Every structure is written in structure tokens, then in C-alpha cells.
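Each remark here refers to the structure printed beneath this line.
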Amino acid sequence: MPERSADLVLSNGRICTLDRKRPWASSVAVKGGRIVAVGEAEAVAGLSGPATRVVDLGGAMLMPGIVDVHAHLMMGGQAELFELRFPPTASFETLIARVVEAAAKAPENSWIIGGQWGSDLLPKLNTLEALAALDKASQGRPVMLRDDTYHNRWINSRALRLAGVSAATPDPEKGSIGRDPATGAPTGMMIESAAGIVESTIAKSGHYTEEMDRAAMAQSIATLNSYGVTAFLDAAAMQPILAALKGLDDRGELTAWSVSAMPAVEPSFMFGIAGDELIALRDQYRSVHARPDFVKVFLDGVPGARTAAFHEPYTNDPILGCCFRGSTIVTVPDLIRWVGKCEKLGLGVKIHCAGDAAVSQALDAIDVVRSFNGPTKLVHHIAHASYIAPDDIARFAELGVAADLSPFLWYPTSFLEGHKQTMGEARALRFWPNKDLLEAGALLAGGSDWPVMPNPDPWDGIEGLVTRRNPSGEFKGAALWPEQALDVATALEIFTINSARAIGLADTVGSIEIGKSADFIKLDRNVLDIPADEIADTKVLTTWFEGRVVYERS
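What follows is the structure, encoded as C-alpha cells:
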């Protein structure tokens with residue numbers, strides 16, 4: 001009997017297993033961090049010994065831990081611990097007021113870093129009048145504020161000087177510096193790769209320290225656990241992130257399964273080795289729970305800044321003209337080479353595609369590789385999968401490509417208002433054809449894109465998938481393309497077993513089955529039995545990782 005005794009038995013629960021062969025159970029037993037029994041009370045009978053912890057769930061809903069297929073952990077932790085935060089719906093006046101408050105507390109000459117201003121504010125911020133207001137608010141301190149996409153920055157005059165940016169500074173490749181149309185003077189708006197100029201300036205100034213990095217990563221893991229996340233994919237993992245994740249695991253502090261996507265090219269907002277040089281080091285950063293098994297390719301930008309690549313042109317613009325469609329950053333031949341190379345190395349590829357032309361190009365490249373290599377067990381991702389040409393919908397399933405549905409914006413937001421400005425309302429509203437993808441047989445996976453989304457709370461995202469309405473109550477009464485709504489059961493699959501399949505961990509996580517990791521979350525309500533507009537209010541009461549409690553709501 002002692003050798004059969006479980007370490008943990010959870011009973012008297014409403015256990016949603018996400019295993020279609022056995023959808024519901026009342027009891028589950030764990031030994032050595034793995035599930036050894038699941039079913040009704042008789043399934044765990046006789047498994048309790050003197051050392052077994054027995055938990056009566058009291059009828060509460062238990063389900064597998066959430067799998068977040070797209071997050072940026074270092075940035076998320078830094079934002080929570082060290083940066084000025086305001087919602088993307090904040091007005092210009094509120095944004096300025098928050099900078100005034102921060103400047104009053106900040107040491108002289110120290111950077112004020114924060115976000116996230118809404119994409120719909122870009123035209124207003126991109127003026128000398130707005131720059132003057134920011135300069136006054138900052139009281140001489142350098143300021144950098146990120147937008148709600150994390151692709152663009154707004155900085156003040158002190159920051160422009162420190163970054164060496166003037167009217168004579170040429171636009172960088174794949175980016176632009178906001179300028180006053182009359183004088184050419186910089187407005188402080190830094191688009192796409194231009195954002196890297198100021199981010200690099202801050203990094204070189206010594207603002208970030210190793211202690212901050214370690215604290216940020218620890219904070220990120222704790223935050224994810226508090227929302228029930230027990231597995232994730234870091235969507236742009238540079239060497240310090242890989243090192244931090246392995247370091248946490250080596251110390252027994254990584255309380256989630258970690259998969260990482262190493263950038264093929266150094267991103268504009270992160271710095272260090274990338275591509276072949278970084279990929280060659282991947283096994284140095286591999287451990288039991290840390291797996292650098294993906295490569296990240298940024299194929300285009302974002303619609304709100306007119307840097308995403310589309311088949312149809314953006315709305316008329318005084319600088320870009322009437323027929324501008326955006327462009328991709330990587331050519332089709334180069335993308336084919338990257339996908340082919342990664343497949344030889346056994347690595348999946350996560351491709352950032354914000355515009356429908358970028359999605360087409362990514363699918364074209366994968367199609368070519370499939371024609372040469374044949375089938376593969378690897379799952380490549382189209383990250384964001386937001387604007388998709390109708391003819392491309394079926395290709396996701398045909399090519400075995402996962403639709404990485406992130407961030408949690410399947411409902412009206414200021415983000416969407418920015419799209420309307422650049423694309424026109426009719427096109428902007430055809431955002432995230434999730435039901436069409438599902439009906440075509442595509443693998444849909446759920447990702448937060450935290451901290452692009454201010455927090456990685458999956459219940460906000462799940463409600464949005466189901467209602468297509470803003471769970472916060474903002475934009476009241478408005479729904480985004482409601483015909484694309486999904487049911488709750490499907491949404492739960494997307495955020496658990498589907499995401500586990502997408503990141504190569506379906507044999508380990510994503511459902512409550514014998515042999516899998518004992519990663520569970522206890523909820524304060526049964527999300528399948530409540531009105532859909534209450535799902536975002538769901539709270540995680542307890543999170544177990546490998547059978548041990550890693551979060552408990554006080």
C-alpha cells in the first residue's frame with residue numbers, strides 16, 4: 001500500500017479534464033508530480049496514505065492550467081515592477097498628468113519609462129504641440145512611452161537629445177521618425193525600428209541591471225501563476241531571457257513549463273545576439289522545464305502605424321500617399337530558408353503577421369517548404385492571425401499551421417480605433433476571423449501577448465472570444481464582428497490542450513490525463529454554467545504545478 005500512496009488527492013470536484021475521451025471527473029490523484037488516477041471517487045480509492053495530502057474541492061471547478069502561447073516575460077515583469085502604467089484608453093490629458101506625477105517622484109536625470117498610449121492617439125502625439133506638453137510635464141527628465149502595440153515609442157526632447165536624434169537624422173531602415181510637416185523637426189514619435197534608437201540609448205545608459213532582470217522574471221512567473229498559467233511560450237527570447245528561465249529552473253523556481261522563441265533577427269526593441277549565433281547556444285539554456293524550441297520571425301509591423309503589410313492600401317496619408325500597402329521585413333526566399341533551416345534543426349517557427357499580405361507570404365513560404373520537405377510534426381505559428389484574406393483561411397489547416405490568437409482584443413478597443421483611422425472602418429472591423437478558422441479545421445491557440453495586453457488574465461480573453469464585446473464595459477453595446485464568436489467549451493480548449501499542441505507539449509500538459517504533469521487550477525465558479533458576460537470576473541483560487549501549490553488566492 002505505501003508504494004501506491006499518492007502525494008496528493010483532489011476529490012469532490014467538478015473537474016473539466018479537457019480530455020474528450022473523459023470530459024468530466026470528480027477526483028484526481030498525483031504522485032511524483034504526475035497524474036496517476038482520474039475519474040470518480042472509486043478511481044482514487046485506496047491511493048491515500050499517511051503522507052497523502054487530501055483536498056476536498058467542495059464542488060468547485062478544477063481544470064488544467066492555462067497554456068499561454070504568446071507572452072514576453074521580461075518586459076511584463078519590468079512593466080509591473082519598474083514602469084509607469086496607464087491604460088490604452090487614457091486620454092492625452094491623463095497621459096500628461098501621469099508623467100507630471102512620475103517626474104515629481106523621479107530622481108533628477110533618471111528615465112521615466114512607461115505605457116501604453118492608445119494607437120488612436122498617434123496623430124495627436126505626432127505634433128510639436130504635444131511634444132511641448134510632454135517636455136513641460138517631464139521637468140527635464142528623459143521620457144519614453146510605449147504604445148499599445150509595443151512597436152512604437154513617444155519620447156520627449158531630452159530623450160531625443162540623448163538618442164542623438166535631430167531634424168538631420170535620417171529614418172532608419174524599416175522605421176521612421178515623426179517630423180513636423182512644416183519644419184522637419186522631430187516630434188518625438190519613433191515608429192518601428194526607430195523605437196530601437198531610444199531603447200538602445202536606455203540600455204546603454206545602464207538603466208537596466210541584472211538585479212532588475214532577475215526580479216522581473218520572478219515577478220512574471222508569479223503573475224502568470226496567479227492567473228492560472230502553468231505553461232507559456234516566450235515569443236521573443238533573447239539570451240538574457242533564456243538564461244533567466246534556465247536559472248530559475250536550476251534553482252527550482254520556474255513554476256511553469258517554458259518554451260522560448262529565439263529571434264531570427266535582433267528586434268528593434270531588444271538587443272544582443274540573434275539568429276544562427278543565438279540558436280547555436282540553445283542547448284546551453286535547455287533544462288527540464290525550459291525548452292528553447294522555436295524561432296521568431298517578425299514579418300511586418302502593426303496596422304495603427306501603417307507598418308503592417310496588406311493586400312489593399314491604407315487610407316490616404318499626406319506623406320505615404322493614396323496607395324500605400326505597407327511591406328514585409330523579410331523576403332519570401334529568406335523566409336523559406338528560415339523555415340527550412342529550422343525544420344532541419346527540429347525547431348518550430350513563430351511568424352509575426354499583423355496584415356493579411358504578411359499572412360499570405362508566411363503561408364506561401366511554409367507551402368514551399370512543405371513541397372520540398374513533406375509532412376512534419378513541427379507546428380509553425382502565424383502570430384496574431386488577425387487580418388486574413390478569405391482565400392487563406394483554409395490554408396492554415398492544409399499546411400498544419402497554428403493560428404496564434406493574440407492579444408486579447410477580440411472586441412472593441414482603442415487599439416481597434418487606431419486601425420479604423422488607417423484602414424477605414426469596414427476593413428478594420430473584419431478583425432480576427434476566429435470562427436472561420438475553426439470551421440476550416442485550423443489549430444487555434446490562445447496567447448496574451450503580455451505586456452502588450454496590460455495583464456495576461458486569460459478570462460478576459462476567453463470572454464472576448466465568446467462575446468466579441470469589451471469585458472471592461474468600455475465601448476458599451478458595441479461588438480466586433482459578432483458572427484466570429486466561439487462557444488465557451490471551444491475557448492477553454494484553445495487556452496489549454498490546443499495551445500499545448502501548438503508549443504509541442506501536448507504529451508505533458510493541456511489536459512487532465514494519467515501520465516501528464518499535475519498542473520491544475522481551481523476556479524471560483526464553473527465558467528460553463530454562468531452568463532458569458534461574467535467570464536472575465538473569474539478568479540483562480542489555487543494553482544498547482546506538478547502537484548504543488550504555486551499560487552493561492554488570499
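Using full-length UniProt numbering, read the sequence shown as starting at 1 and increasing by one per residue.
Even glycine gets a Cβ: it sits at the ideal position worked out from N, Cα and C.
Computed from a predicted model, the values in this text were never measured in an experiment.
Looking at the DSSP output, TRP117 bridges to ASP147. Beta bridge pairing from DSSP links ALA37 with ALA29. When DSSP states are grouped into helix, strand and coil, GLY346 belongs to the coil group. In this structure the stretch 288 to 299 does not touch the stretch 315 to 323; the number of beta carbon pairs closer than 8 angstroms is below three. In terms of Cβ geometry, ALA264 and GLY275 form a close pair [threshold 7 angstroms]. In the three-state reduction of the DSSP assignment, GLY188 falls in the strand class. With contact defined as three or more Cβ pairs closer than 8 angstroms, the stretch 512 to 520 and the stretch 538 to 548 are in contact. About 5 angstroms separates the beta carbons of ALA137 and ILE96, which is inside the 8 angstroms limit, making them a contact pair. Between ALA383 and ASP356 the beta-carbon gap is near 14 angstroms, outside 8 angstroms, which marks them as no contact. By the CB criterion at 7 angstroms, LEU437 and ALA403 fall inside the cutoff. Secondary structure at ARG161: helix, using DSSP grouped into helix, strand and coil.
Residue burial is scored here from C-beta neighbours: PRO318 has fewer than 16 other C-beta atoms within 10 angstroms and is therefore classed as exposed. The beta carbon of VAL527 sits closer than 8 angstroms to the beta carbons of MET61, TRP459, ILE462, VAL488, LEU492, ILE535, THR538 from its chain, once the five residues preceding and following it are set aside; these are given in chain order.
According to the DSSP assignment, PHE545 belongs to the beta strand (DSSP E) that extends over 540 to 545.
With contacts defined by Cβ atoms closer than 7 angstroms, ASP120 and SER472 do not form a contacting pair.
Under the criterion of beta carbons closer than 8 angstroms, ILE191 and ASN156 do not qualify as touching, at roughly 16 angstroms. Counting only the Cα atoms, GLY447 lies some 5 angstroms from SER406. Rounded to whole angstroms, the gap between the alpha carbons of MET212 and GLN78 is 8 angstroms. Classified as buried, TRP117 has 16 or more neighbouring CB atoms from the shown chains inside 10 Å of its CB. DSSP places TYR227 outside both helix and strand once states are collapsed to three, so it counts as coil. Checking the DSSP bridge columns, you'll see VAL295 partnered with MET262, VAL349.
CYS353 is the residue among VAL368, CYS353, GLY400 whose C-alpha sits nearest the C-alpha of TYR387.
Of the candidates ARG179, LEU162, LYS174, GLY175, ARG179 places its Cα closest to the Cα of ALA168. Membership of LEU405 in the beta strand (DSSP E) is indicated by the continuous run 402 to 405. Sequence-distant Cβ neighbours of SER110 in its own chain, meaning closer than 7 angstroms and more than five residues away, are ARG141. Listed in chain order, the non-local C-beta contacts of GLU417 below 8 angstroms within the same chain comprise GLY118, SER119, ASP120, local neighbours out to five positions each way being set aside. Taking all protein chains shown into account, LEU81 has fewer than 16 neighbouring C-beta atoms within 10 Å of its C-beta and is therefore exposed.
Per the Cβ contact rule, the stretch 196 to 204 is not in contact with the stretch 216 to 236 (fewer than 3 Cβ pairs under 8 angstroms).
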